[in-house]
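Asks:
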Amino acid sequence: MGSKKVRVGIVGVGNCASSLVQGLSFYRHAKSNEPIPGLMHADLGGYHVDDIEIVCAFDVARSKVGRDVAEAIYAAPNNTFRFADALTTGVRVERGPTLDGIGKYLRDEIEEAPEPVANVSEILRDSNADVLVSYLPVGSEEATCFYAECALEAGCAFVNCIPVFIASRPEWRRRFEQRGLPLVGDDIKSQVGATI
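Take a look at the structure:
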């Protein structure tokens, strides 16, 4: 069991984020020495599932902004199967910038939150986030670059879960390497259910 929490920020509180947050609640007491259906490793590199803590989250939808992450993951238009009751996090979903971050199929489904856009880099720093995981809709290139830049400014690792080229571009890799920060991606989303 790790002695330190892995403090995670989430960009895009959609279906994939819902599965992550539910999974953290569902597997928090998993025993590392027993087979666990649906989870390859409860303990990885000395860190247990229970060591992962959501510390901030960003979205643009009126139905999610201002709510606890544990509530926002069930808000429309999310429709992920509910397999666990997510534990209240005490973390309020903040209003992120829209940029190109609403997928073309959801443009008519999502009402944007009226709240002012939060200072993402400042929130990442203030929450002591270690990692920023981006679950933006596919094609959100401008928004992905924005959040990658915020991760750099705040000193966070960045996990890019969509096929926008960040980790595969030498200039981004070089910038994260220079700061000693992990950069993971691109396109983790396609592996959920497809490869694992």
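The numbers in the sequence shown follow this note's numbering, run straight up by one, and end at 936.
Heads up, the beta-carbon is just placed ideally off N, CA and C, and yes, glycines get one too.
Please report the straight-line C-alpha distance between residue 809 and residue 753, rounded to a whole angstrom.
Replies: Going by the C-alpha atoms only, they are around 8 Å apart.
Asks: If you run the structure through DSSP and keep just helix, strand and coil, what is residue 859?
Replies: Residue 859: coil per DSSP, three-state reduction.
Asks: Tell me where the alpha helix (DSSP H) around residue 812 begins and ends.
Replies: Residue 812 -> alpha helix (DSSP H) spans 809-812.
Asks: Grab the span of the alpha helix (DSSP H) containing residue 763 for me, first residue to last.
Replies: 755-766 is the extent of the alpha helix (DSSP H) around residue 763.
Asks: At the level of alpha carbons, what is the spacing between residue 875 and residue 890?
Replies: If I take the Cα positions, the gap works out to 15 Å.
Asks: Which residue from 907, 852 and 871 puts its Cα closest to that of residue 861?
Replies: Taking only the C-alpha atoms, the option nearest residue 861 is 871.
Asks: Give the DSSP bridge partners of residue 900, in chain order.
Replies: DSSP, once it has assigned bridges, lists 874 as partnering residue 900.
Asks: When you compare the CB of residue 796 with every CB in chain C, is at least one pair closer than 8 Å?
Replies: Looking for chain C here will not work: only one protein chain is present.
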